[in-house]
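J.: The structure's right below; bear with me while I get my questions together.
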Amino acid sequence: MQNNKPHPNEALFGGEKSFPLIPACEHFAGSEKLILKALSLQDTIGQVFDITCDCEDGAASGQERDHAEMIVRVLNSDANKYNMAGARIHDYTHPAWEQDIDILVGGAGKVLSYITIPKCTDISQAKEMITYLQKMATFHGVERVIPVHILIETHGALNQVHDIAKLPWLQVLDFGLMDFVSAHHGAIPASAMRSPGQFEHRLLSR
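Here it is in structure tokens:
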């Protein structure tokens, strides 16, 4: 017997904007070789994970510009079939974060899936970085919203997480477990960073 009952998506109020489809898995890659390898895997298995091209941990000291320009080149290549690759820029305390945004938005603003902001210790840092991102998008003629992912990996950011979640262009809040554990200065063992057991230590779950 055929079921003709409508799906809730069809029957219930649909006046609100629908949520974007965001993959549950995000793969970080810091070198051209690894970024291309990840893009090849994405091409093979389909649109099931995002790729974050890493400026923060990927760029060697003094080569930040070259690294960001490499990411732009790869994102604009045929290897980026699905446009499901973003980039993690340097943190607020690093002198290259503005340069990262300028190069990435100026060169790949139309295909950049998102910008990831790491290690915010205060909401004011996130606000300034997002404002600069918006400014550069306007300057370079990028007419789309570039989604922002913020890594919550400090106590300061965690205390302000509800306010951070309200910032413009914000799409994702990621919990950075490794740096958060490190911030406890040895009070949390390394075993708390492995699965199973992640997020179960009392200092993490409190």
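Residue 10 is where the sequence shown starts when you use the working numbering, and the numbers rise one by one after that.
Every residue gets a Cβ at the ideal spot worked out from N, C-alpha and C, and that includes glycine.
1) Compute the Euclidean distance between the alpha carbons of G150 and K119, then round it to the nearest angstrom.
2) Along the chain, which unbroken stretches of the alpha helix (DSSP H) at least 4 residues long are found entirely within the segment 54 to 87?
3) Since T125 and R97 are thought to touch, with beta carbons under 8 Å apart, how far apart are those beta carbons, to the nearest angstrom?
4) Excluding the five sequence neighbours on either side, which residues of its own chain have a C-beta within less than 6 Å of the C-beta of A68, listed in chain order?
5) Output the distance between the C-alpha atoms of P205 and E41, rounded to the nearest integer angstrom.
6) Under a Cβ-count criterion, where at least 16 other Cβ atoms within 10 Å of its own Cβ denotes burial, should F208 be classed as buried or exposed?
7) Looking at E35 and D59, is the spacing between their C-beta atoms short of 8 Å?
8) Report back the beta-carbon spacing between I161 and F184 to the nearest angstrom; my notes put them in contact at under 8 Å.
9) Pick from V157, T163, A196 and L186: whose alpha carbon is nearest that of P177?
10) DSSP has F184 in a bridge; who is on the other side?
11) Measure the C-alpha to C-alpha separation of A192 and M202 and round it to an integer number of angstroms.
12) My understanding is that V81 touches I112, with C-beta atoms under 8 Å, so please give their C-beta distance in whole angstroms.
13) So, E73 versus A105, is the Cβ gap smaller than 8 Å?
14) Any idea if A217 is buried or exposed, counting beta-carbon neighbours within 10 angstroms, 16 or more meaning buried?
T.: This is what the structure gives:
1) 9 Å
2) 73 to 84
3) Distance from T125 to R97 at the Cβ level is roughly 4 Å; contact confirmed, criterion being Cβ atoms closer than 8 Å.
4) H76
5) Rounded to whole angstroms, P205 and E41 show a C-alpha spacing of 32 Å.
6) F208 is exposed by the Cβ-count criterion.
7) yes
8) 5 Å
9) V157
10) I161
11) 13 Å
12) 6 Å
13) yes
14) As displayed, the chain neither begins before 10 nor continues past 215, which places residue 217 out of reach and without an answer.
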